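Going by the numbering used here, the sequence shown opens with residue 216, and the numbers climb by one from there. For every residue, glycine included, the Cβ atom is placed at its ideal position computed from N, Cα and C. Every value quoted in this text rests on a predicted model; they were computed, and no experiment measured them. Data first, discussion second: the structure below is written as C-alpha cells.
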Amino acid sequence: MNFKNLKDLEKHLNNQMKDALLQVKEEVYSIIAEKLLQYYEEYTPVKYKRTYQLLKSLVKTEVIPTGHGFKANVYFDLSKIHYKNEKHSTAEIVKDALNGQHGHFGCNYMPKGKWTSIWGESMLILDLDDYGVIDLIVQALKNRGIEVRQNIK
Numbered sequence: 216m217n218f219k220n221l222k223d224l225e226k227h228l229n230n231q232m233k234d235a236l237l238q239v240k241e242e243v244y245s246i247i248a249e250k251l252l253q254y255y256e257e258y259t260p261v262k263y264k265r266t267y268q269l270l271k272s273l274v275k276t277e278v279i280p281t282g283h284g285f286k287a288n289v290y291f292d293l294s295k296i297h298y299k300n301e302k303h304s305t306a307e308i309v310k311d312a313l314n315g316q317h318g319h320f321g322c323n324y325m326p327k328g329k330w331t332s333i334w335g336e337s338m339l340i341l342d343l344d345d346y347g348v349i350d351l352i353v354q355a356l357k358n359r360g361i362e363v364r365q366n367i368k
C-alpha cells in the first residue's frame, strides 16, 4: 500500500483500528448474548414470573473516537433492571446470575445441576487472560495486515 503523506497513513490506520474494534465488540457481545440465552433456556421458573430484564440489559455501544484511538463497551446496564427484592441489591442479583444462579440470591428451591455461568463461560470462549480484549484487538489488526507487537506480557 502506498500513501501520499502521513495524514493518509494515519487515516488508513484509524479506519483499520475502528474496524478491528467493531469486530471485537460484536464478537464479545455475540458470545455473551449466546450464553445469556442459554442461561434463560435451561430453567423455567416456577416461583416467579420471568421478566427478561437481564437479557434486555445487555448493551453494546457504538465505536467512538477518543483522544488517541477508539473505544466501545459491552456491558450489563443495571439501570435497565428493576428487581423487587428487599434483601439484595440489583448488582448482587446480577452478579449471581452471571455466575449461574437462577432466580433471586440464595433461593433454595432450585433443582440441583450445573447452570450456565454467563460471564465465566463467555470469558473462556473468548480466551481472555489478564490483558482482556487487548489480545483480541491485536489479532483483529493482524488479520487486517497491520503488524502489532505486544510488549506488555
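### Task
Take S272 and list the residues in its own chain whose beta-carbon comes closer than 6 Å to its own, dropping the five residues that flank it on each side.
F291, D292, K295, I296
### Query
Are there three or more Cβ pairs, one per stretch, closer than 8 Å when the region 279–287 is compared with the region 230–239?
yes
### Message
Along the chain, where does the alpha helix (DSSP H) containing L293 start, and where does it finish?
### Response
It is not in any alpha helix (DSSP H) - L293 carries neither H nor E in the DSSP assignment.
### Message
So, with DSSP's three-state summary, where would you put I279?
### Response
strand
### Task
Give a yes or no on whether the C-beta atoms belonging to S332 and I246 are separated by under 9 Å.
no
### Query
Nearest CA to the CA of M232: which residue from Q365, A355, R364, N366?
A355
#### Entry: Residue interval of the alpha helix (DSSP H) (run including D223)
221–256
### Message
Can you list, in chain order, the residues of its chain with a C-beta nearer than 6 Å to that of L371? Leave out the 5 residues immediately preceding and following it.
### Response
What the structure shows of the chain is the stretch from 216 to 368, and residue 371 is not part of that stretch, so it cannot be assessed.
### Query
Between the Cα of V348 and the Cα atoms of N217, N220, E242, K329, which residue gives the shortest distance?
E242
### Query
Excluding five sequence neighbours on each side, which residues of the same chain lie with their C-beta closer than 7 Å to the C-beta of G315?
W330, T331, S332
### Cutoff 9 Å: H297 Cβ touching any chain D Cβ
No chain D appears in the structure shown, which is made up of a single protein chain.
#### Entry: Environment of Y244 [buried if 16+ CB atoms lie within 10 Å]
buried
### Task
Note down, in chain order, each residue of its chain lying with its Cβ closer than 6 Å to the Cβ of N288, except the 5 sequence neighbours on either side.
T276
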